[in-house]
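Going left to right, the sequence shown walks through residues 0 to 255 as numbering that gives the first Met the number 0 numbers them.
Reading through the structure tokens given below for one structure.
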Amino acid sequence: MRSLLSRLDRIRVRSPDPTRVGWLREWSYAHRGLHGPGKIENSRSAFAAALEAGLGIECDIQRSRDDYPMVFHDWDFTRLIGRPDKTEALTAQEWRTLSYLEHEEAPIALEELLAQVAGAVPLLIEIKSKRGYDVEPSCRGVRDALKSYEGRHAVMSFDPRVSRWFRRHSPQTLQGLVMREDEKGYTQKPWQRRLALWIAQPEFIAYHIAALPSPLTTRLRDRGLPVLTWTVDTPELLDRARRHADAPIVEAGGVG
Numbered sequence: 000m001r002s003l004l005s006r007l008d009r010i011r012v013r014s015p016d017p018t019r020v021g022w023l024r025e026w027s028y029a030h031r032g033l034h035g036p037g038k039i040e041n042s043r044s045a046f047a048a049a050l051e052a053g054l055g056i057e058c059d060i061q062r063s064r065d066d067y068p069m070v071f072h073d074w075d076f077t078r079l080i081g082r083p084d085k086t087e088a089l090t091a092q093e094w095r096t097l098s099y100l101e102h103e104e105a106p107i108a109l110e111e112l113l114a115q116v117a118g119a120v121p122l123l124i125e126i127k128s129k130r131g132y133d134v135e136p137s138c139r140g141v142r143d144a145l146k147s148y149e150g151r152h153a154v155m156s157f158d159p160r161v162s163r164w165f166r167r168h169s170p171q172t173l174q175g176l177v178m179r180e181d182e183k184g185y186t187q188k189p190w191q192r193r194l195a196l197w198i199a200q201p202e203f204i205a206y207h208i209a210a211l212p213s214p215l216t217t218r219l220r221d222r223g224l225p226v227l228t229w230t231v232d233t234p235e236l237l238d239r240a241r242r243h244a245d246a247p248i249v250e251a252g253g254v255g
């Protein structure tokens, strides 16, 4: 049985084209931008700080009521804006009237981030999803925003349907799977991780640093899949990332 599963793994998750994925290993990526005092996560100022530091950028995508991809992590505005609305309850124009707590900045759309970065550093774009969520409108919105973007970029998600959608509908887009093994993830058990991989058929993995080293990621790296890891926010975790992964997704304490 184990031999059969291993063969299925190789059929379902093929080694990626090294010319497509090689650049992923060449960078460290600022988690939600290089945020900290005076610079809120996923904001223009955090992305500007990442650009100044010469870091790649990781960002999150929620969608507005009218299906625009907005750069934001949470499913509601409580923590960062101070109001209880769900992110998908407001239009993109209504998003632009908001401001972060103790900041004058408003959340931005993906197209605004693309204009700000303009290809200077690579982007990792994480599309948020959850159980029962129709993720396809988010995928379409991200694809459409990226149509004329020439900078290096990749799309990823905890939801394996995102990778599958981009593989089918935007094959030029580099796509990856995000996984964690703790109680907050959906892939705690080996069969769940295998199923996610089979559905996603990713070209790279972004794996939770707490789960490294991992036999799974070791096997995938041996087959040529880049393994990124998050969130690297201490020198000790940066050392672990360098030993067991190909590129770190960092916050301030983990910037080497």
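For glycine and all other residues, C-beta sits at the position ideal for the given N, C-alpha and C.
Quick caveat, the model's predicted, so the values are computed rather than measured.
- Look at residue 230 here: in three-state DSSP terms it is strand.
- For residue 89, the closest of 76, 101, 100, 99 by C-alpha to C-alpha distance is 76.
- Taking residue 45 as the centre and dropping the five residues before and after it, the same chain places the C-beta of 32, 33, 34, 38 closer than 6 Å to its C-beta, in chain order.
- Counting every other CB atom within 10 Å of its CB across the protein chains shown gives residue 234 a total below 16, marking it as exposed.
- Counting only the Cα atoms, residue 81 lies some 38 Å from residue 202.
- Considered as a whole, the region 153–185 harbours 173–178 as its complete beta strand (DSSP E) runs of no fewer than 3 residues, in chain order.
- Our two residues, residue 240 and residue 174, have alpha carbons roughly 21 Å apart in a direct line.
- It is roughly 9 Å from the alpha-carbon of residue 97 to the alpha-carbon of residue 103.
- DSSP, read as helix, strand or coil, puts residue 34 in coil.
- In summary, residue 168 is exposed, with fewer than 16 beta-carbon neighbours lying within 10 Å of its beta-carbon over all protein chains present.
- Distance from residue 181 to residue 207 at the Cβ level is roughly 7 Å; contact confirmed, criterion being Cβ atoms closer than 8 Å.
- Under the DSSP assignment, residue 143 falls in the alpha helix (DSSP H) whose first and last residues are 135–145.
- Within the region 191–240, the complete beta strand (DSSP E) segments at least 3 residues long are 203–207, 226–231, listed from N- to C-terminus.
- When DSSP states are grouped into helix, strand and coil, residue 89 belongs to the coil group.
- Counting along the chain, residue 70 sits inside the beta strand (DSSP E) bounded by residues 68–70.
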